[in-house]
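Single-structure report; data block below.
Residue numbers (my numbering): 3 to 212.
Structural data, given as structure tokens:
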């Protein structure tokens with residue numbers, strides 16, 4: 003799967019850029035990455051469109067293009083509603099709260115995409131894990147060695163803790179739950195949208211005959 007190779011290359015370039023103290027707009031080492039332009043999160047919509055159109059050409063499109071679009075939009079609305087409602091929920095640990103009220107809903111919304119377009123959802127899940135497992139591994143070594151990158155950055159207010167605790171809550175769970183879900187959900191939105199637009203522009207058989 004060449005998209006996974008491209009994603010791995012982008013990850014390597016991002017790491018090198020941060021270690022070499024490249025421009026912050028491209029390689030921001032702050033916690034969360036600071037919306038740096040070189041990052042694999044931006045690839046989710048690109049490869050979502052690529053996978054969707056490729057699957058459709060191979061005869062594995064959705065039964066209903068509009069249902070696929072609506073499913074992805076509904077998933078995003080679900081996440082937004084849960085996040086907005088989270089202000090009313092009292093959970094002492096901010097990281098447990100994030101896991102329950104952000105990461106888990108994103109993962110659930112991603113899994114929901116199996117309903118409308120199973121082939122695209124499965125492909126996006128495979129790509130998402132191929133993209134995020136290397137990052138999760140990279141973060142372990144970055145945290146172990148204190149590399150000074152966004153892969154090992156600790157957010158302000160994070161409790162003093164050992165490597166295992168930091169890696170679990172800042173590396174492993176976010177990468178394999180939130181970011182996998184994010185990749186699938188965003189990829190499904192852009193992919194189903196692109197397919198629906200393409201389908202709409204295609205002339206019907208009657209138009210071709212006429």
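Idealized CB from N, CA, C, for every residue including glycine.
Which same chain residues, not among the five before or five after residue 183, have their C-beta less than 6 Å away from its C-beta?
Indexing the chain shown from 1 puts residue 183 at position 181. For residue 183, where only same-chain residues beyond five positions count, the Cβ hits under 6 Å are 108, 109 and 112.
Length of the line joining the Cα atoms of residue 65 and residue 120
The residue given as residue 65 occupies position 63 in the chain shown. The residue given as residue 120 occupies position 118 in the chain shown. If you take the alpha carbons of residue 65 and residue 120, they lie about 10 Å apart.
Can you list, in chain order, the residues of its chain whose CB lies under 8 Å from that of residue 148, leaving out five sequence neighbours each side?
Within the chain shown, residue 148 is the residue found at index 146, counting from 1. Hits under 8 Å: 154.
Identity of the residue in 25, 171 and 136 nearest residue 99 by Cα:
On the chain shown, residue 99 is found 97 positions in, with the first residue counted as 1. Answer by Cα proximity: 171.
Mark residue 7 as exposed unless 16 or more other C-beta atoms lie within 10 angstroms of its C-beta, in which case mark it buried.
Working through the chain shown from its first residue, we reach residue 7 at position 5. Exposed.
Residues in its own chain within less than 8 Å of residue 12 by CB, not counting five upstream and five downstream?
Counting from 1 along the chain shown, the entry for residue 12 is found at position 10. Excluding sequence neighbours, residue 12 sits near 40, 41, 42 and 45.
Tell me the rounded alpha-carbon separation between residue 73 and residue 188.
As a first step, residue 73 must be located in the chain shown, where it is residue number 71. As a first step, residue 188 must be located in the chain shown, where it is residue number 186. If you take the alpha carbons of residue 73 and residue 188, they lie about 12 Å apart.
Pick from 102, 163, 131 and 67 that is closest to residue 178, judged by C-alpha positions:
Residue 178 sits at position 176 when you count from the first residue of the chain shown. Nearest C-alpha to residue 178: 131.
Can you tell me where the alpha helix (DSSP H) holding residue 20 begins and where it ends?
In the chain shown, residue 20 corresponds to position 18, counting from 1. Looking at the DSSP string, the run of the alpha helix (DSSP H) that includes residue 20 is 4 to 21.
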